[in-house]
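Following UniProt numbering from start to finish, the sequence shown increments by one per residue and tops out at 687.
Down below is the structure, laid out as C-alpha cells.
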Amino acid sequence: EPPPSGGPEGLVFEPIDQQTGDAFVVPDGYVPHIVIRWGDPLFSDAAEFDPANQTAEGQARQFGYNNDHVGLFELEDGQFLMVVNHEYTDETLMFPAYDAASPTEAQVATAWAAHGLSVVTLRGEDSGALTPVLDAPLNRRLTATTEFELTGPAAGSQHLQTSADPEGRTVLGTLNNCAGGLTPWGTWLTAEENFNQYFANSSAVTDPTAQERLVRYGATEGASERLWETFDPRFDLAQEPNEINRFGWIVEVDPFDPSSTPRKRTALGRFKHEAATINIAEDGRAVAYMGDDEVFDYLYKFVSDGVYVEGDDANNATLLDSGTLYVARFTGDSPAAEIDGVGTLPEDGEFDGSGEWIPLVSGTTSHVPGMSAEEVLIFTRQAGDAVGATRMDRPEDVEPSPATGRVYVACTNNTDRVEGEAEVDEANPRFDNKDGHVIEIVEENEDAGATAFAWRILLVCGSPDDPSTYFAGFDKSQVSTISCPDNLAFDPAGNLWISTDGQPDSVGWNDALYQVPLEGDLRGQVRQFLAVPTGAETCGPVVTEDRVIVAVQHPGEIDGASFESPASNWPDGGSSVPRPSVVVTAARAGEEPTEGPTEEP
Ligand code: FEO
Ligand code: CA
Ligand code: CA
Ligand code: CA
Numbered sequence: 087e088p089p090p091s092g093g094p095e096g097l098v099f100e101p102i103d104q105q106t107g108d109a110f111v112v113p114d115g116y117v118p119h120i121v122i123r124w125g126d127p128l129f130s131d132a133a134e135f136d137p138a139n140q141t142a143e144g145q146a147r148q149f150g151y152n153n154d155h156v157g158l159f160e161l162e163d164g165q166f167l168m169v170v171n172h173e174y175t176d177e178t179l180m181f182p183a184y185d186a187a188s189p190t191e192a193q194v195a196t197a198w199a200a201h202g203l204s205v206v207t208l209r210g211e212d213s214g215a216l217t218p219v220l221d222a223p224l225n226r227r228l229t230a231t232t233e234f235e236l237t238g239p240a241a242g243s244q245h246l247q248t249s250a251d252p253e254g255r256t257v258l259g260t261l262n263n264c265a266g267g268l269t270p271w272g273t274w275l276t277a278e279e280n281f282n283q284y285f286a287n288s289s290a291v292t293d294p295t296a297q298e299r300l301v302r303y304g305a306t307e308g309a310s311e312r313l314w315e316t317f318d319p320r321f322d323l324a325q326e327p328n329e330i331n332r333f334g335w336i337v338e339v340d341p342f343d344p345s346s347t348p349r350k351r352t353a354l355g356r357f358k359h360e361a362a363t364i365n366i367a368e369d370g371r372a373v374a375y376m377g378d379d380e381v382f383d384y385l386y387k388f389v390s391d392g393v394y395v396e397g398d399d400a401n402n403a404t405l406l407d408s409g410t411l412y413v414a415r416f417t418g419d420s421p422a423a424e425i426d427g428v429g430t431l432p433e434d435g436e437f438d439g440s441g442e443w444i445p446l447v448s449g450t451t452s453h454v455p456g457m458s459a460e461e462v463l464i465f466t467r468q469a470g471d472a473v474g475a476t477r478m479d480r481p482e483d484v485e486p487s488p489a490t491g492r493v494y495v496a497c498t499n500n501t502d503r504v505e506g507e508a509e510v511d512e513a514n515p516r517f518d519n520k521d522g523h524v525i526e527i528v529e530e531n532e533d534a535g536a537t538a539f540a541w542r543i544l545l546v547c548g549s550p551d552d553p554s555t556y557f558a559g560f561d562k563s564q565v566s567t568i569s570c571p572d573n574l575a576f577d578p579a580g581n582l583w584i585s586t587d588g589q590p591d592s593v594g595w596n597d598a599l600y601q602v603p604l605e606g607d608l609r610g611q612v613r614q615f616l617a618v619p620t621g622a623e624t625c626g627p628v629v630t631e632d633r634v635i636v637a638v639q640h641p642g643e644i645d646g647a648s649f650e651s652p653a654s655n656w657p658d659g660g661s662s663v664p665r666p667s668v669v670v671t672a673a674r675a676g677e678e679p680t681e682g683p684t685e686e687p
C-alpha cells in the first residue's frame, strides 16, 4: 500500500517541532515506553537501585551508566536480545557529595562497574513496549575490570605489554564505548572512543617517539579527570606507559555465548573509534567502515582476507583478525576557487567528487614507509598522517545502507576549521562547521571491497534559514532543522535515521532523531521524529517496522548540575536524579497513526 500524501515508505508520522523542555517528545499517535534505566537489575540478585548508596557490587549486576550504542537481535517467542554499551560516567551527577579532587575508592570502583557493556534479554509486549527478562541465560554485564583478549596481527606487541600482562594479550576492561554495529554472523562490534581521558601523567614519558604518539592521541599531561590512577597504577602512564595502547580498539563480542571472552581486534587499527559497521564485498570478504571522531581525523575501512560464510561460526570468528586496513582520501571535482568556505554550492551544483582507499597495512605487511605493521595498527593516526588522508570534520557513524550498499558518513561538526588557520575542501566545505554534514559514498562498481569510490554531500546541516545548508536539493521550506549528526540507522524501507549530539550548543534545541528519505522526490526531506530531555544526547537508534528505539545518554548533563541539584529529573520525575535510559517508541496500542506525513511540495 503506497504511503498517504506521497510521503516516504516506513513509519507514518507528523514531524514534531524543536523542543527545549525536560521531556522525551514523540509524534502524535506514538507512545514512548522506558525499556531499561541506569541501575535497573539484569539479575534478581542485583541490589535495588539506590542512587545515594550505589555500590560497585550492585552496579556490576545492574544496567550501567550512559547507554550509547543499541543493537537488537530477534530471538524466538517474541523475545529480543539487546546489546548496549555504557560510554562513560558523570560522577558529579551519579554520586552525592562528589568531590572531584578526591573521589573515594568506592566511588571509583562503582564507576568502573558502570562502564562497559550490557547484554539484556527483552520480551516484546503487544503495546510495543520491551520488558527486560531478569536472569535470562544470555544476560550479561561486562565492566572496566572484565577480561578481554587482544587478537590479530598486533596482539603480543611490545607496545601492548604491561607488568600485569607481559604477553600483551589480556586486558582488563573496555572503556568509552561509543557506537557500534551488528555483524551478519551474529556478533556485536563496539568501539572504544575517548579512551585517552582515563590515563594520567603523559608528561612523565620522556622517550620522544613515545611522547609524540601520546600527543597525537590526546593523552593528558597531568592528573586524569577521574583520578583513577589514585586507585589503580595501570592508569598512570608514569608507571604503565603501555596500558593506554590497550584501549582504542574495536571490540567483538559474541552475545550468544555468555562465557566467551570478547576480543579487541587489532587488525582494525587503533584510534578514537566511533563505531564499526559491516558490509559484504562482491567476493564475500567482510568490510568494516569506521570513523575516528576527532577534528581533522580520518575515515577508514578494513577488508578481510577471508570470506564470510553464512552459518560457519568458526570461519566468521576469524574474519576480523586478518585483512587490509585502508584510510580515505577525498578529491573534489570542482575548482578549489569554487569552494568558498561559506557553503555556496560549486558551479556543478554539488559538493562531490572521487575518492580512494589508501592501504595502510595488510596483516604483518606495512604499506607506510618508516612504520612497521604493528606500529601502523597501534599508532594508526600517524599512518594516516603519513599517507595524506583527508582531514575530516569529526567522522562519527559510518554505515552502509542495507538496501543500496551506499555508505553514509556523519561528520558531526568542526569549529576548529577556522578561516586563516585551516583549509576547506569539497568534502569538508565549511569553515566554523558547527552544524556538521553527511556524506554519501558509492563504492566503485557498488562493491564494498573496491579501492575507489564516488561521493557527494547529502546534507549540509543547520537551520534551513542558513544559506550554507543543503538538503540534497530538497525544498528547504519543508525540512526540520538538524545539527550535529552523530549516529545513523536505516529503517526496513531504506530511509536514513540520524540522531544528534550537540544541538543545545549549536542551535539551542534539545537533541533529536530525524528521518531522511534517500530515494525519489522526497530525498533529503529531513523530518524530526523525537526529542530527548534536557542535557541529553540521542544515541543508538534502531528502527524496525513498528518500533523506534533510542538510548537517551547523559540527561541533565549541564554545566553546574550535580546530584544535589539536577538539571533534569527524567525519567522518574519529581526531584529524582536523571537516569540514562533506553526508550522504545511505538504507535499507540490498538491505533494506527492516522495523520499523513507532510504534503508533497
Ligand atoms: Fe561518543 Fe563520537 O561520540
Ligand atoms: Ca562538485
Ligand atoms: Ca557518538
Ligand atoms: Ca558525538
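Built from N, CA and C at the ideal position, the CB exists for glycine as well.
Inter-residue CB distance, residue i and residue j (contact presumed, cutoff 8 Å)
i: residue 307; j: residue 320; result: Not quite, the Cβ-Cβ distance comes to about 18 Å (not below 8 Å), so this is no contact.
i: residue 535; j: residue 369; result: 6 Å
i: residue 524; j: residue 496; result: 6 Å
i: residue 364; j: residue 412; result: So it is not a contact: roughly 15 Å between Cβ atoms.
i: residue 171; j: residue 263; result: 4 Å
i: residue 361; j: residue 470; result: Their Cβ separation, rounded to whole angstroms, is 17 Å, which puts residue 361 and residue 470 out of contact at 8 Å.
i: residue 208; j: residue 166; result: 5 Å
i: residue 349; j: residue 237; result: 5 Å
i: residue 442; j: residue 415; result: 5 Å
i: residue 129; j: residue 221; result: 5 Å
Environment of residue i [buried if 16+ CB atoms lie within 10 Å]
i: residue 694; result: Any question about residue 694 goes unanswered here, given that the chain covers just 87 to 687.
i: residue 202; result: buried
i: residue 88; result: The predicted position of residue 88 is uncertain, since its pLDDT is 40 and thus under 50; a value taken from the coordinates is nonetheless stated next. Exposed, by the Cβ-count rule.
i: residue 417; result: exposed
i: residue 509; result: exposed
i: residue 683; result: Confidence is the limiting factor: at residue 683 the pLDDT is only 40, short of 50, which leaves the residue's position unreliable and the question unanswerable from this model.
i: residue 344; result: exposed
i: residue 671; result: buried
i: residue 318; result: buried
i: residue 288; result: buried
i: residue 148; result: buried
i: residue 614; result: buried
i: residue 97; result: buried
i: residue 452; result: buried
i: residue 631; result: exposed
i: residue 606; result: exposed
i: residue 504; result: exposed
i: residue 624; result: buried
Residue closest to residue i, alpha-carbon to alpha-carbon, out of the options
i: residue 697; options: 465, 354 and 318; result: Because the chain spans 87 through 687 in this model, residue 697 falls outside it and cannot be assessed.
i: residue 478; options: 513, 374 and 486; result: 513
i: residue 230; options: 174, 393 and 316; result: 174
i: residue 352; options: 283, 256, 366 and 295; result: 256
i: residue 592; options: 377, 621, 388 and 439; result: 621
i: residue 430; options: 462, 377, 546 and 490; result: 546
i: residue 157; options: 659, 574 and 110; result: 574
i: residue 117; options: 198, 559, 129 and 212; result: 212
i: residue 432; options: 542, 583 and 239; result: 542
i: residue 102; options: 95, 108, 113 and 109; result: 113
i: residue 73; options: 234, 379, 657 and 577; result: No statement about residue 73 is possible, as the shown extent of the chain runs from 87 to 687 and does not include it.
i: residue 139; options: 162, 180, 123 and 168; result: 180
Start-to-end residues for the alpha helix (DSSP H) that takes in residue i
i: residue 464; result: 459–464
i: residue 298; result: 294–302
i: residue 193; result: 191–200
i: residue 179; result: 177–180
i: residue 399; result: 399–402
Limits of the beta strand (DSSP E) - the one that residue i falls within
i: residue 443; result: 438–448
i: residue 483; result: 481–486
i: residue 369; result: Counting along the chain, residue 369 falls outside any beta strand (DSSP E), and DSSP gives it neither H nor E.
i: residue 411; result: 409–418
i: residue 665; result: Per DSSP, residue 665 belongs to no beta strand (DSSP E) and is neither H nor E.
i: residue 388; result: 385–393
i: residue 135; result: Careful: residue 135 lies outside any beta strand (DSSP E) and carries neither H nor E.
i: residue 361; result: Unbroken run through residue 361: none, as it is neither H nor E.
i: residue 233; result: 233–237
i: residue 81; result: Because the chain here runs from 87 to 687, residue 81 falls outside it and cannot be looked at.
i: residue 119; result: 116–123
Contact test: residue i Cβ vs ligand 5 heavy atom, cutoff 7 Å
i: residue 573; result: Ligands present in the displayed structure are limited to ligand 1, ligand 2, ligand 3 and ligand 4, and ligand 5 is not among them.
**Q.** Segments assigned beta strand (DSSP E), at least 3 residues, entirely inside the stretch 139–173
**A.** 153–160 and 165–172
Q: Only counting runs of 3 or more residues, tell me where the beta strand (DSSP E) segments fall wholly within the stretch 511–599, in order along the chain.
A: 523–529, 538–546, 571–576 and 582–586
**Q.** Contained alpha helix (DSSP H) runs [length at least 4] in the stretch 254–342, N- to C-terminal order
**A.** 294–302
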